[in-house]
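Numbering (the numbering used here), first residue to last: 7 to 269.
Shown next, in structure tokens, is the structure this report addresses.
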């Protein structure tokens, strides 16, 4: 059986998807990226070989932060393209707006039948990203998913700084004056939502808005985004793998050869 492989090495997690010729997902692999994308790529290769995937015959497309660290990839494709196509695979080919809150950046992507039409990307600072959420959760001695659950029980507090360093100082001040974890957690999620909404104001929303990436299963975040945007934001557990799914779909279009990065 011929396999088509998409590898999405993000700054926090690495996702791998293996498809068959009918574009059905056969295997899903998820692991922390760790400090070295090169080591992560080696581990992925070994895991694929253990599954019986013949990399000498199977086209591989790499995407994400560490896509250049996959020497056995036949092509490197930007995460903008891959998240757009992966989201269409999950939510259906239609006018989509994809919200991807990644570890290092937040992307809003307009997609029409699998083709990227426009995008907005925040990559100058970590405000509104998964890293922002992680830093604030660590400050509160919580896991990110715990912070989002607590946020649903809070309110009445805001974080004004858009800089992660200064925002962390605000959180420490709130802790010092005895504010509850629930209220601080609410302020953290609210800050992320406001950042996304600010970006969305520069992009026309499609008929369907969906959340992809590692935060797509954080239901309170999804609900908060829905309320702030005035539209139901959809999420699916497969959304975590959207970039890798898009890369695997790209792999179905390439031969076993080295290629150039495409957008």
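Don't be surprised by glycine CBs; every beta carbon is placed ideally from N, CA and C.
It should be emphasised that the depicted structure is a prediction, and the values quoted were computed from it without experimental measurement.
Option in 207, 56, 35, 128 with minimal Cα separation from residue 249: By 1-based counting over the chain shown, the position of residue 249 is 243. Among 207, 56, 35, 128, the Cα nearest to that of residue 249 is on 35.
Pairwise C-alpha distance: residue 159 and residue 178: Counting from 1 along the chain shown, the entry for residue 178 is found at position 172. Counting from 1 along the chain shown, the entry for residue 159 is found at position 153. When rounded, the distance between both Cα atoms is 20 Å.
Rounded straight-line distance, which links the Cα of residue 80 to that of residue 72: Against the chain shown, residue 72 aligns to sequence position 66. Against the chain shown, residue 80 aligns to sequence position 74. So the alpha carbons of these two residues sit roughly 15 Å apart.
Cα-Cα separation, residue 241 to residue 215: Taking the chain shown and counting its residues from 1, one reaches residue 241 at position 235. Taking the chain shown and counting its residues from 1, one reaches residue 215 at position 209. So the two alpha carbons sit approximately 9 Å from each other.
Check whether residue 253 and residue 88 have beta carbons under 8 Å apart: Locating residue 253 in the chain shown gives position 247, counting from the first residue. Locating residue 88 in the chain shown gives position 82, counting from the first residue. Cβ atoms of residue 253 and residue 88: closer than 8 Å.
Rounded C-alpha distance that separates residue 96 from residue 244: Residue mapping note: residue 96 aligns to position 90 of the chain shown, counting from 1. Residue mapping note: residue 244 aligns to position 238 of the chain shown, counting from 1. Approximately 7 Å between the Cα atoms of the pair.
Contact check, residue 24 vs residue 9, beta carbons under 8 Å: Numbered from its first residue, the chain shown carries residue 24 at position 18. Numbered from its first residue, the chain shown carries residue 9 at position 3. Contact: yes.
The region 104-114 / the region 201-209 touching (three or more Cβ pairs under 8 Å): yes
Exposed unless 16 or more other CB atoms sit within 10 angstroms - verdict on residue 90: As a working mapping, residue 90 is identified with position 84 in the chain shown. Buried, since its Cβ has 16 or more Cβ neighbours within 10 Å.
Check whether residue 75 and residue 29 have beta carbons under 8 Å apart: Position 69 of the chain shown, counting from 1, holds the residue named residue 75. Position 23 of the chain shown, counting from 1, holds the residue named residue 29. Cβ atoms of residue 75 and residue 29: not closer than 8 Å.
Residue 50 to residue 22 span [Cα, whole Å]: Numbered from its first residue, the chain shown carries residue 50 at position 44. Numbered from its first residue, the chain shown carries residue 22 at position 16. So the alpha carbons of these two residues sit roughly 8 Å apart.
Straight-line gap, residue 98 to residue 258 (C-alpha atoms, nearest Å): The residue labelled residue 98 in the question sits at position 92 within the chain shown. The residue labelled residue 258 in the question sits at position 252 within the chain shown. Computed Cα separation, rounded: 18 Å.
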